[in-house]
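Numbering (my numbering), first residue to last: 35 to 406.
Glycine included, every Cβ here is placed at the ideal spot set by N, Cα and C.
As the structure is a computational prediction, the values presented were derived from the model and not from experiment.
See structure below.
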């Protein structure tokens, strides 16, 4: 992987590549990219954990999806993007079948998964459940229903800018020791400039920030696919106001390698997950440009409480901390008190839901008030 990146740098006009090009290569190169390799990435033997692998988390979403379908807010079509191991889809489908067998019979579940490794895991886990697979969002035919993405946009390539005497874009090159290093070049990319201007993002001296152009284009694709219904995304990120706080002056691009946070994203290319905090205001404004209106954005904890996660706690007198019931209750509490749900937010955006706004707001009123 390192040699492939260096050869790409040598072939470039500037003898340097943008962070977006570096991340695209490091994460999604068909031969060497981190997400494309046949290796475990999620869980104890991987590099990071995710809520989607916790069954209780998926069951809450199943309840929410069913409530939307039964209330005729959306059609019974779910398109999940970036489903990882397939555990979330499995738990949603089995819970849906249990609580609403009639609507389950009409359900269409589509998985969009770019990673061959994860697609294989998903197909093994979801065999005989009638799931359809696509390798990219471009392969999905337009539909009415729900597009769902959990921790999707934080793994997208980003450009990196930094304010000094001028506004620079940070590029990647290499030194005599064949090590990847950064190089600052005066910002000239018109798309990056346009994004910063539209979002009214003015960096302070010495401040660094990621610019999510790939997120912008992908949301446009979601807008094309979703004719009517809901676009729901779960992720961690900041508003434009929060991005300008001093604590975020170095940006958010980091690596995760064997469950260790790596501050230098240029280490271990192809072997390390790369992630950034997303731009909530940018995501919502781009969604609006594609006819998807933000109906609600709340902390994940708020959503879980409002959808009745505490009902999943089981009364028991078993003193064994490793019993099935104890383990189950501990999983419920970990979603609420472990910090992960406070870090994550849920944005729900609707497209062409005229006539259903009042019904939807009534269904989510508890979440709305809890978030105030």
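Leaving out five residues before and five after residue i in sequence, what residues of the same chain have Cβ atoms less than 6 Å from its Cβ?
i, result
"residue 261", "176, 178"
"residue 311", "270, 271, 272, 286"
Measuring straight from C-alpha to C-alpha, what distance separates residue i and residue j?
i, j, result
"residue 108", "residue 182", "13 Å"
"residue 291", "residue 387", "42 Å"
"residue 36", "residue 55", "14 Å"
"residue 89", "residue 339", "16 Å"
"residue 246", "residue 187", "9 Å"
"residue 412", "residue 51", "No answer is possible for residue 412: the residues shown for the chain start at 35 and end at 406."
"residue 67", "residue 233", "31 Å"
"residue 63", "residue 153", "16 Å"
"residue 116", "residue 319", "22 Å"
"residue 61", "residue 304", "6 Å"
"residue 163", "residue 258", "27 Å"
"residue 113", "residue 231", "32 Å"
Closest to residue i by CA distance: which of the options is it?
i, options, result
"residue 122", "316, 185, 52, 229", "185"
"residue 158", "135, 174, 119", "119"
"residue 129", "239, 97, 255", "97"
"residue 407", "127, 154, 102, 151", "An answer regarding residue 407 cannot be provided, because it is not within the stretch 35 to 406 covered by the chain."
"residue 102", "221, 180, 288", "180"
"residue 277", "243, 139, 300", "243"
"residue 377", "336, 341, 383", "336"
"residue 250", "189, 267, 218, 229", "229"
"residue 59", "241, 225, 192, 226", "192"
"residue 190", "214, 209, 248, 240", "248"
Apply the 10 Å Cβ neighbour rule to residue i and answer buried if 16 or more other Cβ atoms are within range, or exposed otherwise.
i, result
"residue 160", "buried"
"residue 45", "exposed"
"residue 206", "buried"
"residue 238", "exposed"
"residue 173", "exposed"
"residue 53", "buried"
"residue 381", "buried"
"residue 170", "exposed"
"residue 146", "buried"
"residue 41", "exposed"
"residue 65", "exposed"
From what residue to what residue does the beta strand (DSSP E) around residue i run?
i, result
"residue 244", "242 to 245"
"residue 23", "Absent from the model: residue 23. The displayed extent of the chain is 35 to 406, so no value can be given."
"residue 142", "142 to 146"
"residue 383", "379 to 385"
"residue 329", "327 to 333"
"residue 216", "214 to 220"
"residue 195", "193 to 197"
Residues in the same chain with beta-carbon distance under 8 Å from residue i, minus the five sequence neighbours each way, listed in chain order, please.
i, result
"residue 104", "134, 137"
"residue 296", "288, 289, 290, 302, 306"
"residue 150", "70, 72"
For the alpha helix (DSSP H) that contains residue i, what are its first and last residues?
i, result
"residue 289", "Not the alpha helix (DSSP H): residue 289 falls in the beta strand (DSSP E), residues 288 to 291."
"residue 151", "150 to 159"
Excluding the five sequence neighbours on either side, which residues of its own chain have a C-beta within less than 7 Å of the C-beta of residue i, listed in chain order?
i, result
"residue 140", "110"
"residue 315", "233, 273, 274"
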